[in-house]
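Read the structure below first, then the notes.
Number of protein chains: 2
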Amino acid sequence: MTQDIRLCEVGPRDGLQMAKGMMPAADKSRWIAQLAQAGLREIEVGSFVSPKLVPQMADTGTVLSAALAIEGLTVCALACNLRGAIAAYEAGAHVLAFPISVSETHSHANVGKGTDAQVDMMASIVDWVRAQSRPMRIDAAVATAFGCSLEGVVPVSRVAAVAQAVACTGVDEIALADTVGYAHPAQVRDAVRATQDAIGTRLTKLHLHDTMGLGLANVLAGLNEGIRAFDSCLGGLGGCPFAPGASGNIVTEDLVFMLESMGYRTGVDLSRLLAAREVLAQALPSEPLRSGVAAAGIPKTFQPH
Amino acid sequence: MTQDIRLCEVGPRDGLQMAKGMMPAADKSRWIAQLAQAGLREIEVGSFVSPKLVPQMADTGTVLSAALAIEGLTVCALACNLRGAIAAYEAGAHVLAFPISVSETHSHANVGKGTDAQVDMMASIVDWVRAQSRPMRIDAAVATAFGCSLEGVVPVSRVAAVAQAVACTGVDEIALADTVGYAHPAQVRDAVRATQDAIGTRLTKLHLHDTMGLGLANVLAGLNEGIRAFDSCLGGLGGCPFAPGASGNIVTEDLVFMLESMGYRTGVDLSRLLAAREVLAQALPSEPLRSGVAAAGIPKTFQPH
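Sequence lines, in order, name chains A and B. Be aware that the first sequence starts at 1, since it is given in our numbering, and climbs by one per residue. Be aware that the second sequence starts at 1001, since it is given in our numbering, and climbs by one per residue.
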C-alpha cells in the first residue's frame, strides 16, 4: 500500500467561511501561493455559493483565477447546486467539491433540500460536467457521516447507503466528512469499512474536524483502513457553527508532522508551511491559529520522508 | 482483552508543577475530591522533591493526607530519590511514582545523576519499601522514551534495555513516558512492542503529552498494542519547560470522551469531570485550560459505556 498521502488544504474555503473578519482577495491569493510553495498540491480555494449567505466567499472567482496561475496546483472549489457547479467550471476549477448530507435535517438546513434531492442534484451536475469539452474532477463529500448536531446519531448503514447512491451518479471520488466533529476512531473504522464494502476504492478521503480533540486520532484510524487522502486547514481554522469557541478543521501543520514522522510522504516542507501562517495572522489578527508544532517548534528529532 | 481502562489523573502533580501561580493546599484538596467524585480512582497528588526547586509541591504532605480520606481512591506521589520515597511512604501514599530517564543528559538535568545511577537508586528504594510493614506499589516511569529535547532521538532498543534494567529492580509496574511530547503513533507502536518483548506485561502504562497535538493519536496507537492504562491531566495543564506556549499533558476530558465513545470503560462521569474544571479555573485564573469537549460541549451522540 502506498505511503504517499494526498492532502487537500481547505483553509481558504472551510477555514475562512467561519472567520469573523474578511480576508481580502489579494491576501487570500498570497496565502494560497505560500501554501503551494510549501508543497501543498491541492487547495480548495473557495465556494460558489450565495454571497449573501457566505460573504467571505464572494471573491472566489478572483481568487480561483489567481490560483490557476500556480504551476502544478490542483485548484478545487465547492458548490452546493448546479448553478454553483457551472460557475466553478466556467471559472476553470480543476475539481468540484459537492456536499451531500446523510442527515436529512442538516441537508435541509445546509442546502435547502433533502438528501435524496441532493443526490439527484449531484446526478444532474455529473451529466452537465461530462457534456462539457474540458474535464473537471467531481468529488462528493458525504457530510454529517459521523453524527449530526441536529439529528444526533447517524447510522453507519445509512452512511454506506448514501455513499452508494452518490457513487451511482458517476462522481470521481467520495469523501466521508465529519462535519460537526463528533467522530471517534472506532466509528471512523466502522464507517470506512462499511463504505468500502459498498463502493470500494471510490471512497478516497476523510474530511475531519478537531472539535473534540480527536482529529489526528481519527486520521490514524483512517490510515489503518487504507485511507490515503485527507482535508485539513492551516492553523486549524474553521470553528463550529453549533458551538462557539470550538475548534475547527484538523491542523495541517500537526497532520504533516504526524504523517511525515510516521514515514508517509506528503510532499510538504514543514518549515515553509509554518511560514505560511504569517500572512493569515496578519490578515485575520483576531482569529486564533492553533497548532502544537507551531507553538512548540519543530522538534530536533523530526525526520521528514 | 479487557475493555477496562485505568486512568491516573496527574494534574495535581505534573499539571501544577508547571503552573505560573500557586494553588493553595485547600484548593488542591477540593479539586482532588471533585476529580474522585467524577470517578477517577487513581490520582497523583504531588511530589516529594525539594520545595526550593518545585515550590508548587511544598504542601504535598498536607494534600496527600486529605486525599487518603477519600474512600476508594488510590493515592500516588512522585519522588526522585530514596529520601523522597521514604517521605511518600511515611505520608501514607498507596503508590510511588519514580522517573528514570533514558536520556543521560536529561537524567542529569532532572535528577542530578545518570540513567544507571538512577536505576541503582530505584533498586535501593525497592529494597527499602519491601522491608517495611505496609505495602506500597512502586511504579517506574521510563522518561524521555520517545525523544529528548537535549539529546534528540532516543533509540527504541535503548528504551527496552532501560525498561529491562528497571524491571530487574523488582518494581511493580513500568510506564513509558513521552516527557517532552515528541512521540508519534508509529514510534509508540515500535517502543511498546520492543518493551513488551523485553519485560512483557510489566509494561502497563503510557504517560503522554500533547505538545505536537498528537496525544490522543498516540493513545490510540497504545490501545492497539494492548496498553490499558494512561496518565492524563484535567484541562491539559502542564506545558513544556523547553517550549513556552506549548501544551501539556493529554487532556483527561477528551481522553475519557474518546475511550468511552469507543466502548472502553473508564469509570468516569464526563459531566462531573467537566464540573471539576471550575475549582481549577478559579484557583489559577491565568492558566489556560484546554479541552475540545469542554469548549464544544458533550455532543448528543455521546453514549458512555
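We treat Cβ as the ideally placed atom computed from N, Cα and C, and that holds for glycine.
Q | Gly239/A versus Arg134/A, Phe230/A, Gly213/A and Glu260/A, residue with shortest Cα-Cα distance | A | Gly213/A
(Q) Using DSSP's beta-bridge definition, name the partner residues of Ala1141/B. (A) Pro1099/B and Ala1175/B
Q | is_contact[Pro4/A, chain B] using C-beta, thresh 8 Å | A | What sits at residue 4/A in the sequence shown is Asp, not Pro. So, not an interface residue.
Q: Pick helix, strand or coil for Asn249/A, following the three-state DSSP scheme.
A: strand
Q) Is Phe48/A helix, strand or coil when you go by DSSP? A) strand
(Q) Please report whether the beta-carbon of Lys1020/B lies at a distance below 8 Å from any beta-carbon of chain A. (A) no
(Q) Assuming contact is defined by CB atoms lying nearer than 8 Å, are Ser1247/B and Asp1210/B in contact in what I supplied? (A) yes
Q. Among the residues of its own chain, which have a CB less than 6 Å from the CB of Cys76/A, if the five just before and after it don't count?
A. Glu44, Val95 and Ala97
Q.
Could you check whether the Cβ of Ala1295/B sits closer than 8 Å to any Cβ belonging to chain A?
A. yes
Q) Sorted by chain position, which residues of the same chain lie with C-beta nearer than 8 Å to Glu1225/B's C-beta, five sequence neighbours on each side aside? A) Val1188, Arg1189, Val1192, Arg1193 and Gln1196
(Q) Three Cβ pairs or more, each shorter than 8 Å: is that satisfied between the region 1040 to 1055 of chain B and the region 1291 to 1303 of chain B? (A) no
Q) Residues in the region 209 to 227 of chain A with C-beta within 9 Å of chain B's C-beta atoms, listed in sequence order? A) Asp210, Thr211, Met212, Gly213, Leu214, Gly215, Leu216, Ala217, Asn218, Val219, Leu220, Ala221, Leu223 and Asn224
Q. Between Met1136/B and Val1166/B, which are expected to be in contact by the criterion C-beta below 8 Å, what is the C-beta distance as a whole number of angstroms?
A. That belief does not hold up - the Cβ atoms of Met1136/B and Val1166/B are roughly 17 Å apart, past 8 Å.
Q. So which residues of chain B does Gly292/A contact, with C-beta pairs closer than 9 Å?
A. Gly1181, Asp1210, Thr1211, Met1212, Gly1213, Leu1214, Gly1215, Ala1246 and Ser1247
Q. Going by the CB atoms, is the gap between Ala1019/B and Leu1284/B shorter than 8 Å?
A. yes
Q) Would Ala186/A count as contacting chain B if we go by Cβ distances under 8 Å? A) yes
(Q) Rounding to the nearest angstrom, what Cα-Cα distance links Tyr1182/B and Pro299/A in this structure? (A) 7 Å
Q) In the DSSP assignment, what residue or residues form a beta bridge with Val1075/B? A) Ile1043/B
Q. First and last residue of the beta strand (DSSP E) that includes Glu1090/B?
A. Looking at the DSSP string, Glu1090/B is not in any beta strand (DSSP E); the run it does join, the alpha helix (DSSP H), is Leu1082 to Ala1091.
Q. According to the neighbour-count rule (16 or more other Cβ atoms, all chains shown, within 10 Å of its Cβ), is Asp1178/B buried or exposed?
A. buried
Q: Find the nearest neighbour of Thr301/A within the set Pro155/A, Tyr264/A, Gln37/A and Glu260/A, judged by alpha-carbon distance.
A: Glu260/A
(Q) As a quick exercise: from Leu1234/B, Ser1050/B, Glu1071/B and Leu1064/B, pick the residue whose alpha carbon is nearest that of Ile1250/B. (A) Leu1234/B
Q. Is it the case that the Cβ atoms of Glu90/A and Asp139/A are separated by a distance below 8 Å?
A. no
Q.
Since Leu35/A and Ala276/A should fall inside the 8 Å C-beta cutoff, what is the C-beta to C-beta distance between them, to a whole number of angstroms?
A. 5 Å
Q. To the nearest angstrom, how far is it from the Cα of Ala109/A to the Cα of Ala1175/B?
A. 48 Å
Q.
So Val1159/B contacts chain A; which residues on that side make the cut at Cβ distance below 9 Å?
A. None at all; the shortest Cβ gap to chain A is about 13 Å.
Q.
Let's see if you can read the secondary structure: which residues bound the alpha helix (DSSP H) around Thr60/A?
A. Thr60 to Leu68
Q.
Report the start-end ranges of each alpha helix (DSSP H) in the region 164 to 227 of chain A that is 4 residues or longer and not cut off at the edges.
A. 185 to 199 and 215 to 224
Q: Go ahead and pull the three-state DSSP assignment for Ala1229/B.
A: strand
Q) Is the Cβ of Gly84/A closer than 8 Å to any Cβ of chain B? A) no
Q: For Met1023/B, go through chain A and note every residue whose CB falls closer than 7 Å to its CB, in chain order.
A: None at all; the shortest Cβ gap to chain A is about 24 Å.
Q.
Residues of chain A with CB closer than 9 Å to the CB of Gly1152/B, please, in chain order.
A. Pro299, Lys300 and Thr301
(Q) Strictly below 9 Å CB to CB, what residues from chain A border Gly1309/B? (A) Outside the displayed span of chain B (1001 to 1305) sits residue 1309/B, for which this structure offers no information.
Q: Check whether the Cβ atoms of Gly170/A and Val126/A lie closer than 8 Å to each other.
A: yes
Q. So Arg340/A and Asp4/A are in contact, right, with Cβ under 8 Å, and what is the actual spacing, rounded?
A. The displayed coordinates of chain A run from 1 to 305. Any statement about residue 340/A would go beyond what the structure contains.
Q: List the residues of chain A that Ser1107/B touches, going by C-beta distances under 8 Å, in chain order.
A: Neighbours of Ser1107/B on chain A: none; closest Cβ ~17 Å, over 8 Å.
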